[in-house]
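Engineer: Residue 1314 is where the sequence shown starts when you use our numbering, and the numbers rise one by one after that. A virtual CB, placed ideally from N, CA and C, is assigned to each residue, including glycine. Computed from a predicted model, the values in this text were never measured in an experiment.
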Amino acid sequence: MMTQEIAGGLEHKFCRLSENVTVTDGTRIEGYASLFGIPDQGGDIVEPGAYKASLKRLRESGRRVKMLWQHDPAQPIGIWDEVRETARGLYVKGRILTDVARGREAAALIGAGAIDGLSIGYRTKKATKDGKGRRLLAELELWEVSLVTFPMLPEARVGAKGETPEAEAWRELAGVFETARRMLARD
């Protein structure tokens, strides 16, 4: 697990993700880049509404959230056609550009299951600490959503072909209950 902060206060995070994901039609991807209320591997929790002001500013200025490869600003690989908050988190839907060499590579790697993570690049505008030492992120300035090998939030991933983000939510909830059941069985 690593948290990295670069010049200008941009933060992004990496952590291993294990589930296989595919790209629909070779280039169309969708999923949740961030989920509300779930601690990531670094203990950060994004609160509902954290992206609202940032997304509004981007819309009003005619700018978009960038789609990058592994958080590298020199490697844009596609376009996010839709970036919005839902009750669950930050939903993204977009297209990998296969006219770009790295875009072709990304599509092939996702199709093979080698890459399946999404990760956000942002600057923290407002945050507090909870009683457990975790950062509660109340307002974030979203800069980019990357396709990554290791997202900090394991649940942040591209939706598999034929899946809807809602179907994935049920699997995630089942996984939470299974983890809790195992933990209780140990006690």
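Taking the C-alpha atoms as reference points, what is the distance between Gly1466 and Glu1373?
Structural biologist: The amino acid at residue 1466 is misidentified as Gly; the sequence shows Leu. So the alpha carbons of these two residues sit roughly 29 Å apart.
Engineer: Cα-Cα, which of Tyr1435, Lys1406 and Leu1453 is closest to Thr1340?
Structural biologist: Lys1406
Engineer: Would you mind giving the Cβ-Cβ distance between Trp1382 and Leu1449, rounded to the nearest angstrom? I have them listed as a contact below 8 Å.
Structural biologist: Wrong, their Cβ atoms sit about 30 Å apart, outside the cutoff.
Engineer: For Thr1437, which residues does DSSP report across the bridge?
Structural biologist: Leu1453
Engineer: What residue range does the beta strand (DSSP E) around Arg1341 cover?
Structural biologist: Arg1341 to Leu1348
Engineer: Give me the residue from Trp1456, Phe1463, Val1413 and Glu1468 with the minimum Cα distance to Pro1386.
Structural biologist: Of the candidates Trp1456, Phe1463, Val1413 and Glu1468, the one whose C-alpha sits nearest the C-alpha of Pro1386 is Trp1456.
Engineer: Give the DSSP-derived three-state secondary structure of Ile1351 in the structure shown.
Structural biologist: coil
Engineer: Do you know offhand how far Trp1393's Cα is from Val1458's?
Structural biologist: So the alpha carbons of these two residues sit roughly 8 Å apart.
Engineer: Could you tell me which uninterrupted alpha helix (DSSP H) segments, each at least 4 residues in length, are contained entirely in the region 1357-1383, listed from first to last along the chain?
Structural biologist: 1365-1374
Engineer: So is Glu1395 buried or exposed if we call it buried at 16+ other beta carbons inside 10 Å?
Structural biologist: By the 10 Å Cβ count, Glu1395 comes out exposed.
Engineer: Rounding to the nearest angstrom, what Cα-Cα distance links Lys1379 and Gly1391 in this structure?
Structural biologist: Rounded to whole angstroms, Lys1379 to Gly1391 spans 8 Å at the Cα level.
Engineer: Any Cβ of chain C within less than 8 Å of the Cβ of Phe1463?
Structural biologist: Absent here is chain C; the protein component of the structure consists of one chain.
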